[in-house]
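**Q** Below is one structure. I have some questions about it.
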Ligand SMILES: [Zn+2]
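Residue numbers (the working numbering): 1 to 80.
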């Protein structure tokens, strides 16, 4: 199993940050590197499917990072 790393700094931990765009009715969640704060994904938290969309956005971000680093995700369950 490979380790997922940030494509900019090589860090392997990520965090979620809730951000407001314009006002509180337009909140979104950003997935970002916990070290250099590079944003790797974003999700709308206002829609009924927000939790699922956030999960899928994170999975897509992980897959993009893994692909850019040529890291295998074989055996890791990441629904898309
Ligand atoms: Zn980073």
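Note that CB positions come from ideal geometry on N, CA and C, so glycine has one too.
Pull up the distance between the alpha-carbon of residue 19 and that of residue 29, whole angstroms please.
**A** 6 Å
**Q** Can you find a heavy atom of ligand 1 that lies under 7 Å from the Cβ of residue 38?
**A** yes
**Q** For a quick check, are the C-beta atoms of residue 40 and residue 14 less than 8 Å apart?
**A** Yes, the Cβ-Cβ distance between residue 40 and residue 14 is below 8 Å.
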